[in-house]
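Just so you know, we're using UniProt numbering here: the sequence shown kicks off at 1 and counts up by one. All C-beta atoms, glycine included, are put in the ideal place defined by N, C-alpha and C. If you're wondering where the values come from, they're calculated on a predicted model, not measured in any experiment. Structure, as structure tokens:
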Amino acid sequence: MAAPQAVCSRRGCGAPAAWSLSWNNPRVHTPERRKVWLACDEHRAHLADFLGQRGFLKTVEPFHQHDDAARTPGGHGDVVRGAGTEREE
Numbered sequence: 001m002a003a004p005q006a007v008c009s010r011r012g013c014g015a016p017a018a019w020s021l022s023w024n025n026p027r028v029h030t031p032e033r034r035k036v037w038l039a040c041d042e043h044r045a046h047l048a049d050f051l052g053q054r055g056f057l058k059t060v061e062p063f064h065q066h067d068d069a070a071r072t073p074g075g076h077g078d079v080v081r082g083a084g085t086e087r088e089e
């Protein structure tokens, strides 16, 4: 059975993920902890700007569906689904 398709973390978007945005909120996360938002091409800049304005953004890298570590808590980071920009972490 195939793994479920990874989709964009932007609230309401169901487009396939093309980018992995690693971030960390230093007020609540240890320095080595990384959370991950996945983004489609359309929402990459929007989500990166949202995280960057808060000083949370660490990296933006192409996402590959077979990259299990990016989708698994305890691997590359915790993927957050339905991440809106209406709220702050």
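Buried or exposed: residue 58, going by 16 or more other Cβ atoms within 10 Å of its Cβ?
The residue labelled residue 58 in the question sits at position 58 within the sequence shown. Looking at its Cβ environment, which holds fewer than 16 other Cβ atoms inside 10 Å, residue 58 is exposed.
Which value, in whole angstroms, describes the spacing of the CA atoms of residue 18 and residue 27?
Position 18 of the sequence shown, counted from the first residue, corresponds to residue 18. Position 27 of the sequence shown, counted from the first residue, corresponds to residue 27. Taking the straight line joining both Cα atoms gives about 28 Å.
Where does the unbroken alpha helix (DSSP H) through residue 3 begin, and where does it stop?
For this step, residue 3 is matched to residue 3 along the sequence shown. Neither: residue 3 is in no alpha helix (DSSP H) and is coded neither H nor E.
How many Å lie between residue 35 and residue 29 at the Cα?
Here residue 35 refers to the residue found at position 35 of the sequence shown. Here residue 29 refers to the residue found at position 29 of the sequence shown. Roughly 9 Å separates the two Cα atoms.
Between residue 51 and residue 45, what straight-line distance do the alpha-carbon atoms span, to the nearest angstrom?
Numbered from 1 along the sequence shown, position 51 holds the residue referred to as residue 51. Numbered from 1 along the sequence shown, position 45 holds the residue referred to as residue 45. Approximately 10 Å, taken between the alpha carbons.
If residue 6 and residue 56 are in contact, beta carbons under 8 Å, what's the gap, nearest whole angstrom?
Here the question's residue 6 lines up with position 6 in the sequence shown. Here the question's residue 56 lines up with position 56 in the sequence shown. Rounded, the Cβ-Cβ distance is 21 Å, inconsistent with contact.
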